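Written below as structure tokens is the structure these notes are about.
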Amino acid sequence: MLEFTEDPEWQRKREAAWGPIEDHIKEGLTRRRVKQFKQYFMTGRIPEGVHIPPADAVEHFPVPTIEGIRYCLRENYSREISDEEYGVLVRQLSVNVNTIYGMLRGEQVKLFAYVMGERYEKVRDFPFAIGGEKKQRKISYEPEKLLRSALIKIDEWLSGDNYFDQAPFWTNFTNYLSSLLSHAGKGHFKYKLYVSGELKRPKSKEALTLKLTCSIIRKMEQAHKDPKNCQLDDEKKAFLGDFRKELNAVEKLPGDLEKIRREIQIQEGTVTPSVIENFWRRLRHKGDPNGQ
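To convert, take the position in the sequence shown, counting from 1, and add 30; that gives the working numbering.
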């Protein structure tokens, strides 16, 4: 698989690509260690007697595809990896899949689905045995952590604040996002927290998760109400439309999220409040929660 790494033209391009990567990783490393990483970056083969953590090996493997990563983890690790290294590896192949050097967007999507599935599962098998290990390990990832990572990247993309030139791979997984919401703890979605004012400057993980969720739902409703005059581009509007359909299909949203979502829909004019809802909204005198 790695014969092409001996091609002089490929080596020249790979050498040119190494400079920025060295600048990024060299802090705190010895020259010898940097040289080891470079040798691996150029060849895809970990030098004899050298240990490179599997997540780092995956991130810089010369073949950034599912097949390449399978090869990397099987051929470069003859012994078991530690539990800590395995945990970092799973993060690299899930929430950090976009950081794998040279991996195209389509491959990011395929790799995430290969490792994590199409919908969230509390426990699932890692897709193959790593290196010299005889059994496939288990993947157990807290839904709130996955959800928060996804929401951060999506909200930054929708707001035009992130540094990616393309949509995050998460936008291909609206069904996965809705399944994460179904499994997330209800403590992240309390109406009392929604109207508390804490979402302006969230100090807890729960407040941050709710703030991001509400921000995306609000953009979703704005795009749904007036798609022609919405400031978002067609790709973003299409994602929000698909995600809205997924949310509509969820049998039970966690905690008070259905109530919070309806309040946002009322504020944005995409649903008409009932007489009773209007009565209680006037009674609360809360105005627009979160100052939005």
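Each residue gets a CB set at the ideal place from its N, CA and C atoms; glycine is no exception.
Please read these numbers as outputs of a predicted model, since none were measured by experiment.
Under 8 angstroms, with one C-beta from each stretch per pair, do the region 240-250 and the region 173-184 reach the 3-pair mark?
yes
For Gln-252, I'd like the list of residues in its chain whose CB is within less than 7 angstroms of its CB, leaving aside the five on either flank, ordered along the chain.
Cys-260 and Glu-298
I need the boundaries of the alpha helix (DSSP H) containing Leu-176, first residue and last residue.
173-189
Helix, strand or coil: how does DSSP classify Asp-86 here?
helix
Which whole-angstrom value is the C-beta distance of His-90 and Tyr-131, which I expect to be below 8 angstroms?
5 angstroms
Buried or exposed: which applies to Leu-59, given that a residue is buried once 16 or more other Cβ atoms fall within 10 Å of its Cβ?
Counting Cβ neighbours within 10 Å, Leu-59 comes out exposed, since fewer than 16 surround it.
In the DSSP assignment, find the alpha helix (DSSP H) that holds Gln-66 and state where it starts and stops.
61-73
Buried or exposed: which applies to Arg-291, given that a residue is buried once 16 or more other Cβ atoms fall within 10 Å of its Cβ?
With 16 or more other Cβ atoms from the protein chains shown falling within 10 Å of its own Cβ, Arg-291 counts as buried.
Is the Cβ-Cβ distance between Glu-281 and Ser-234 less than 9 angstroms?
no
According to DSSP, what are the bridge partners of Arg-167?
Arg-167 is not bridged to any residue.
Let me check understanding here. Comparing Cα to Cα, which of Tyr-171, Gln-41 and Arg-178 lies closest to Gly-117?
The shortest C-alpha separation from Gly-117 is found at Tyr-171.
Return yes when the Cβ of Phe-71 is within less than 9 angstroms of the Cβ of Arg-44, no when it is not.
yes
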